[in-house]
Amino acid sequence: MFNKLKRWKPQNSSSSLRDRIESVKKAGVPSHIAIIMDGNGRWAKKRAMPRVAGHHEGMKVVRKITRLANELGIGALTLYAFSTENWKRPKMEVDYLMQLPEEFLGSFLPELIEENVRVEMMGYQENLPVHTLRAINKASEETKNNTGLVLNFALNYGSRAEILDAVRHVLKDCQSGIMDANSLNEEAFSSYLMSSKLADPDLLIRTSGEIRLSNFMLWQLAYTEFWFTDVLWPDFNEEHLLNAVETFQNRQRRFGGIQGS
Ligand code: FPP
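Okay, structure coming up:
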């Protein structure tokens, strides 16, 4: 029991970090956090290392942040790991990114299982290498009954394509009589998206100083709070996640209404 707890607490956590974690938990955490993990390439370049070294370091940060998200009691963590546009990168980099899920899950899956984390994937499966898909499917299958944090990888994901596919699907269902066009509302449309099983993100984090959405969850982020940082993803740590959540806790979400309404 002691070992289990020790492993899952943010590693090397100081007592001040632990205190902060406890007070963040008490103040109420977002149900769903989405992260655009950006800046791996620049992190590597600054160190005269190949870009893939940045991705590898970024993978280690995914572990750290998953542990803390689970510890905080966050319901879902969606990570933008590969976009439908990322295929434009050099083949060597794409190949490297496509083996990361295997490497990550190969060593981390037992811990995810033990800690009640459910692994999911959101994205187009058809173009993914068999080995990548196999690793993700194995993790999803082995964690499907877990009820803790949902660790949702956006892999080969693109929001415009997702929305167009949803529209096509709605049209088909209207033609075949499964759906009545007049009853199509936001909730019904959301059920046609790849994120249908998850609530919309409450908080979006993007690292590396870029202030854009890059085709990520365009429908789902309509009322999400955004938090941007100049920190490059491989340098992102527990303190940064706590900063983001604390900022979120101090925001007033009005969803188009007025305060107190
Ligand atoms: C963007 O940074 C990052 C990516 C396209 C890949 C993100 C992937 C990881 C962080 C690892 C994922 C881990 C698992 C387990 C799947 P960039 O390369 O565009 O950075 P740059 O803008 O500095 O070039």
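So for the sequence shown, this note's numbering puts the first residue at 11; every next one is plus one.
Cβ atoms here follow ideal geometry from the backbone N, Cα and C, with glycine treated the same way.
Only a predicted model underlies this, so the values are computations on that prediction, with no experimental measurement involved.
(request) Determine the burial state of Tyr-233: buried for a count of at least 16 other Cβ atoms within 10 Å of its Cβ, exposed for fewer. (result) Exposed is the call here.
(request) Could you pull out every residue in the same chain whose Cβ sits closer than 8 Å to the Cβ of Ser-41, ignoring the five residues on either side in sequence? (result) These residues qualify, in order along the chain: Ile-84, Gly-85, Ala-86, Ala-209, Asp-212.
(request) Run the proximity test for Asn-247: is its beta-carbon closer than 8 Å to any non-hydrogen atom belonging to ligand 1? (result) Exclusion of Asn-247 from the 8 Å shell around ligand 1 follows from its C-beta lying no nearer than that to any non-hydrogen atom of the ligand.
(message) Quick check: what's the CA-CA separation for Thr-142 versus Glu-196?
(response) Thr-142 and Glu-196 have their C-alpha atoms spaced approximately 33 Å apart.
(message) Pairs of beta-carbons, one from the region 150 to 161 and one from the region 170 to 179, closer than 8 Å: are there three or more?
(response) With a cut-off of 8 Å, the region 170 to 179 and the region 150 to 161 do not count as touching, because too few Cβ pairs lie within range.
(message) By the three-class DSSP mapping on this structure, what secondary structure does Val-82 have?
(response) Here residue 82 is Leu; the residue named in the question, Val, does not match the sequence. Here Leu-82 sits in helix by DSSP.
(message) Would Ser-205 and Asn-162 qualify as a contact pair, given that the criterion is a beta-carbon distance under 9 Å?
(response) Annotated as proximal: Ser-205 and Asn-162, with beta-carbon spacing under 9 Å.
(request) Name the one or two DSSP bridge partners that Tyr-167 has. (result) Paired residues: Ser-93.
(request) Could you check if Gln-135 is buried or exposed, using at least 16 other CB atoms within 10 Å of its CB as the buried criterion? (result) With fewer than 16 Cβ atoms within 10 Å of its Cβ, Gln-135 is classed as exposed.
(request) Measure the beta-carbon distance from Arg-170 to Asn-260 and round it to whole angstroms, keeping in mind my assumption that it falls under 8 Å. (result) Approximately 33 Å separates the beta-carbon atoms of Arg-170 and Asn-260; this is outside 8 Å, ruling out the contact.
(message) Any heavy atom of ligand 1 closer than 8 Å to the beta-carbon of Val-241?
(response) It does not: the Cβ of Val-241 is nowhere closer than 8 Å to a heavy atom of ligand 1.
(message) Three Cβ pairs or more, each shorter than 8 Å: is that satisfied between the region 30 to 44 and the region 54 to 62?
(response) No, because fewer than three Cβ pairs between the region 30 to 44 and the region 54 to 62 fall closer than 8 Å, the two stretches do not touch.
(request) Using only the heavy atoms of ligand 1, determine whether one of them is closer than 8 Å to the beta carbon of Lys-182. (result) Incorrect: Lys-182 has no Cβ contact closer than 8 Å to ligand 1.
(message) In the DSSP output, what is Glu-235 paired with across the bridge?
(response) Bridge partners of Glu-235: Leu-213.
(message) Using DSSP's beta-bridge definition, name the partner residues of Leu-228.
(response) For Leu-228, no pairing in a beta bridge is given by DSSP.
(request) Kindly identify the DSSP beta-bridge partner or partners of Thr-88. (result) Note: Thr-88 sits in a beta bridge opposite Ala-44, Asn-162.
(request) Would you mind giving the Cβ-Cβ distance between Thr-239 and His-250, rounded to the nearest angstrom? I have them listed as a contact below 8 Å. (result) Confirmed, Cβ separation roughly 6 Å.
(message) Given 8 Å as the limit, tell me if Arg-128 has its C-beta closer than that to any heavy atom belonging to ligand 1.
(response) Checking the Cβ of Arg-128 against ligand 1 gives no.
(request) Provide the residue span of the alpha helix (DSSP H) that contains Glu-136, from first to last. (result) Counting along the chain, Glu-136 falls outside any alpha helix (DSSP H), and DSSP gives it neither H nor E.
(message) So, under 8 Å CB-CB, Leu-214 and Trp-237 are touching, yes? Tell me the CB distance rounded to an integer number of Å.
(response) With a Cβ gap of about 7 Å, Leu-214 and Trp-237 count as contacting.
(request) Take Ser-35 and list the residues in its own chain whose beta-carbon comes closer than 7 Å to its own, dropping the five residues that flank it on each side. (result) Ser is not the amino acid found at residue 35; the sequence shown has Lys there. For Lys-35, where only same-chain residues beyond five positions count, the Cβ hits under 7 Å are Leu-82, Gly-83.
(request) List the residues that DSSP assigns as beta-bridge partners of Val-129. (result) Val-129 is bridged to Leu-161.
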